[in-house]
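A short write-up of the structure that comes next.
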Ligand SMILES: [Zn+2]
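Right, here's the structure in full:
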């Protein structure tokens, strides 16, 4: 072979190394890496999906007849729990809504307090669904008679009778009680401590933060009206927190905000403090007599749900709450917009948690 000049050597090297056809090899490599990543991620997602308790909450719209009312359907790892049952005039709406969602058995019905817009659908529900247990602190006759917001003893008698007729267990709401749903509790068996600890970042629990009887309360002069006997319920799912506040008013609102401020864990309500929550069920339908700004400053995070009919929401009775939110949005402690969801404007409001890491809210309609 004769001596090669540099240009000939270059072209020979290029043809031997065949650089251009190596491009598809790069593409094959990239595709392989992407496929492996997708495979690992889907294995991880499947693992998390199978080992994580599921949670969603639907604030059912029970304001269709222009009445205020609460009815919150919770799915805690496959177990249906209902917090409050709406006003009596919304009973049929509530029943149809639950049937439409294929609810057949309710593990728990929790009545936060003895007002008709919270217990109203209970007897009709007991007639139509299989219910394992009802949690309800009935007021005494004396309390009922002096209640300024109204209290109907004959309704309460009918509920007691229905509970007996349908042989549904009646249980008291007690501050500090905690129900763990981290592993499936569908057979009534809750998780052991070891099981819960193995799911430490994906825990799912329902906790009664506050439940007093209206006579022996920590607020003010030691007595309150029925609104201030509302049970306050906290759901924790992984990193997320959802707070239900019944109809608590100023007195207990102030007490619970102070309790957070003082970090006082050793009085009636043991357990961790709450802090800002991801979704707050606003107390008292966002209407007058609700807690003051200190309460909302403690708990309001990104989203709030308001169980008010449209007429109430657009009336002056909700102005105080709207003003509080405006102040908080501009406060350095929060400094972001708060999303308001209102049953009267949005219909059913569904909050779905994804593995306790993040959540999404979907509404049935949007009239604004
Ligand atoms: Zn109410």
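In our numbering, the protein residues as written are 754 to 1121.
Virtual Cβ for every residue (Gly too), placed ideally from N, Cα, C.
field: N-terminal and C-terminal residue of the beta strand (DSSP E) that residue 860 is part of
entry: That run of the beta strand (DSSP E) goes 858 to 864.
- prompt: Roughly how many angstroms lie between the CA atoms of residue 892 and residue 966, to the nearest whole one?
  reply: Approximately 7 Å, taken between the alpha carbons.
message: Would you say the beta carbon of residue 822 is closer than 8 Å to some non-hydrogen atom of ligand 1?
response: Because some heavy atom of ligand 1 lies under 8 Å away, the Cβ of residue 822 counts as near it: yes.
- prompt: How many Å lie between residue 984 and residue 999 at the Cα?
  reply: Going from the Cα of residue 984 to the Cα of residue 999 covers about 6 Å.
field: Close-in-space but distant-in-sequence residues of the same chain around residue 924 (CB under 6 Å, 5 per side omitted)
entry: 886 and 888.
query: Should residue 883 go down as buried or exposed, given a rule of 16 or more other Cβ atoms within 10 Å for buried?
result: Exposed, because fewer than 16 other Cβ atoms sit within 10 Å of the Cβ of residue 883.
message: Give me, in chain order, the residues of the same chain whose beta-carbon lies closer than 7 Å to that of residue 905; leave out the 5 immediate sequence neighbours on both sides.
response: Once the five neighbours on either side are set aside, the close Cβ partners of residue 905 are 869.
- request: Indicate whether residue 1056 and residue 1033 have their beta-carbon atoms separated by less than 9 Å.
  value: Going by C-beta atoms, residue 1056 is nearer than 9 Å to residue 1033.
- prompt: Would you report the Cα separation of residue 817 and residue 786, rounded to the nearest angstrom?
  reply: Counting only the Cα atoms, residue 786 lies some 54 Å from residue 817.
field: For residue 1053, the three-state DSSP class (helix, strand or coil)
entry: Looking at residue 1053 - three-state DSSP - the assignment turns out to be coil, as it is neither helix nor strand.
- prompt: Between residue 799 and the rest of its own chain, which residues show a CB-CB distance below 6 Å, the 5 nearest in sequence each way excluded?
  reply: Cβ within range, chain order: n/a, list empty.
- prompt: Which ranges would you report for the beta strand (DSSP E) in the segment 959 to 1017 if only whole runs of at least 3 residues count?
  reply: Entirely contained in the segment 959 to 1017, the beta strand (DSSP E) runs reaching 3 residues are, in chain order, 985 to 990 and 993 to 997.
task: For residue 1116, write down the residues that DSSP places opposite it in a beta bridge.
output: By DSSP's assignment, residue 1116 forms a beta bridge with 1102.
- request: Note down, in chain order, each residue of its chain lying with its Cβ closer than 6 Å to the Cβ of residue 881, except the 5 sequence neighbours on either side.
  value: Cβ neighbours of residue 881 beyond the five flanking positions: 848.
query: When you compare each of 805, 1005 and 813 to residue 1102 by their alpha carbons, which one comes out closest?
result: When C-alpha distances from residue 1102 are compared across 805, 1005 and 813, the shortest belongs to 813.
- request: For residue 997, count neighbouring C-beta atoms within 10 Å of its own C-beta (all shown protein chains included) and say buried if the count is 16 or more, exposed if not.
  value: Result: buried.
- prompt: Would you report the Cα separation of residue 1089 and residue 879, rounded to the nearest angstrom?
  reply: Straight through space, the alpha carbons of residue 879 and residue 1089 are spaced by roughly 43 Å.
- prompt: For ligand 1, any of its heavy atoms closer than 8 Å to the Cβ of residue 1000?
  reply: Distances from the CB of residue 1000 to the heavy atoms of ligand 1 include at least one below 8 Å.
Through-space distance from residue 829 to residue 1066, alpha-carbon basis: Each residue's alpha carbon lies about 30 Å from the other.
query: Apart from the five residues just before and just after residue 926, which ones in its own chain have a Cβ nearer than 6 Å to its Cβ?
result: Around residue 926: 888, 890, 961, 964 and 984.
field: residue 920 to residue 1008 span [Cα, whole Å]
entry: In a straight line, the C-alpha of residue 920 is about 37 Å away from that of residue 1008.
- prompt: Does the beta-carbon of residue 1048 have 16 or more other beta-carbons within 10 angstroms, so that it is buried, or is it exposed?
  reply: With 16 or more other Cβ atoms within 10 Å, it is buried.
- prompt: Ends of the alpha helix (DSSP H) at residue 907?
  reply: Segment 906 to 918, the alpha helix (DSSP H) holding residue 907.
- prompt: Since residue 810 sits in a beta bridge, which residues does DSSP pair it with?
  reply: Its beta-bridge partners are 827 and 1104.
Nearest-angstrom Cβ-Cβ length linking residue 1037 and residue 980, presumed shorter than 8 Å: So it is a contact: roughly 6 Å between Cβ atoms.
field: Integer Cβ distance of residue 1042 from residue 1002, believed to fall under 8 Å
entry: About 5 Å separates the beta carbon of residue 1042 from that of residue 1002, a gap short enough to meet the 8 Å contact definition.
field: Proximal residues to residue 1115 (C-beta, below 7 Å), its chain only, five neighbours per side dropped
entry: For residue 1115, the CB contacts under 7 Å within the same chain, skipping 5 residues up- and downstream, are 1103 in chain order.
- prompt: Residues in its own chain within less than 6 Å of residue 861 by CB, not counting five upstream and five downstream?
  reply: Non-local beta-carbon contacts of residue 861 in its own chain, meaning distances under 6 Å to residues more than five positions away in sequence, involve 834 and 886 in chain order.
message: Just checking residue 814 against ligand 1 - is the residue's beta carbon closer than 8 Å to any of the ligand's heavy atoms?
response: Every heavy atom of ligand 1 is 8 Å or more from the Cβ of residue 814, so no.
query: Does the separation of the CB atoms of residue 995 and residue 810 fall below 9 Å?
result: Yes, Cβ-Cβ distance for residue 995 and residue 810 is below 9 Å.
message: Could you check whether residue 808 and residue 1105 sit closer than 9 Å to each other, using their CB atoms as the reference points?
response: In terms of Cβ geometry, residue 1105 and residue 808 form a close pair [threshold 9 Å].
- prompt: Do residue 836 and residue 896 have their C-beta atoms within less than 9 Å of each other?
  reply: In this structure, the beta-carbon distance from residue 836 to residue 896 does not fall below 9 Å.
- request: Tell me, please, which residues DSSP counts as bridged to residue 1094.
  value: Listed as beta-bridge partners of residue 1094 by DSSP are 1058.
message: In the DSSP output, which residue or residues are listed as bridge partners for residue 836?
response: In DSSP, residue 836 forms a bridge with 825 and 863.
message: Tell me which residue opens and which closes the alpha helix (DSSP H) that residue 870 is part of.
response: Its alpha helix (DSSP H) spans residues 869 to 872.
task: State the Cα-Cα distance for the pair residue 840 and residue 1058, rounded to the nearest angstrom.
output: One C-alpha to the other measures close to 18 Å.
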